[in-house]
Amino acid sequence: MNPTTKVAFYIRSNFHGQDRMASDIQLLTEECLKQGKKLVHIYVDHGYSGNDMSRPSLNRLLDDAKNGLFNEVMTPQLKHISRKTIDLLHIVEDLQASNVSLNSPGSNMDFRKPIDLFSIKILGALASFEAALNDAVDSSSAEM
116 MNPTTKVAFY IRSNFHGQDR MASDIQLLTE ECLKQGKKLV HIYVDHGYSG
166 NDMSRPSLNR LLDDAKNGLF NEVMTPQLKH ISRKTIDLLH IVEDLQASNV
216 SLNSPGSNMD FRKPIDLFSI KILGALASFE AALNDAVDSS SAEM
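If you use the working numbering, the sequence shown corresponds to residues 116 to 259, in order.
Dropping the structure here:
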């Protein structure tokens with residue numbers, strides 16, 4: 116049990132994700148309890164794209180990380196943080212500079228290790244690719 120680990124959750128959903136958000140919070144809560152960590156805050160950006168860095172809760176989370184309110188961020192999937200590789204890497208660097216780790220249940224990665232930092236670049240590239248595919252599908256649907 117690690118009672119000194121203070122955790123913040125970050126969840127982002129697009130416009131149709133209300134049910135998904137509830138299940139994400141439940142998943143993260145169960146993981147947090149299982150690991151004996153203390154939840155201190157839940158940051159939610161509902162209705163924002165993962166391509167948009169102007170998200171109020173994300174910006175508040177980064178400010179709170181700098182102020183030492185928690186030492187770990189848990190998110191259901193890395194694409195909740197950002198769908199742009201460069202933005203994801205900047206966020207990870209900001210969190211690292213604040214001695215805050217990033218955890219996504221099931222990833223078993225420590226983003227302070229070089230191999231896991233490499234993995235986040237690959238996962239970020241996949242999230243960017245997925246977003247581009249979604250945009251292409253949306254554009255072709257609008258043209259019909």
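Glycine residues also receive a C-beta, built at the ideal position from the N, C-alpha and C atoms.
Closest Cα partner of residue i within the set the options
i    : options                   : result
A123 : D167, N223, G183 and S169 : G183
C147 : S164, R127 and E187       : E187
L210 : R127, L173 and F233       : L173
H156 : R170, I140 and M168       : I140
R170 : S234, Y125 and N218       : Y125
D167 : S138, K181 and D202       : D202
C-alpha gap between residue i and residue j, whole angstroms
i    : j    : result
L263 : L238 : As shown, the chain starts at 116 and ends at 259. That puts residue 263 outside it, with no answer to give.
P220 : P191 : 6 Å
R227 : L248 : 30 Å
T120 : A246 : 33 Å
D253 : F244 : 14 Å
S213 : F185 : 10 Å
D134 : A251 : 25 Å
R127 : T144 : 16 Å
P229 : H195 : 22 Å
Q150 : N129 : 29 Å
L142 : L232 : 24 Å
A240 : S234 : 10 Å
S216 : N223 : 12 Å
A242 : S138 : 21 Å
K181 : N218 : 17 Å
Assumed close pair residue i, residue j - CB separation to whole angstroms, cut-off 8 Å
i    : j    : result
V159 : M136 : 7 Å
T200 : K236 : 6 Å
G165 : S197 : 6 Å
Any non-hydrogen atom of the ligand ADP within 7 Å of residue i CB
i    : result
N174 : The ligand ADP is not part of this structure, which contains no ligands at all.
**OP:** Decide if the segment 174-190 is in contact with the segment 203-212; the criterion is three or more beta carbon pairs, one per stretch, under 8 Å apart.
**Re:** In the pairwise beta carbon analysis, the segment 174-190 is classified as touching the segment 203-212: at least three pairs are separated by under 8 Å.
Original post:
Which parts of the segment 149-220 are runs of the alpha helix (DSSP H), unbroken and 4 residues or longer, counting only runs that do not cross its ends?
Top reply: 171-181 and 200-212
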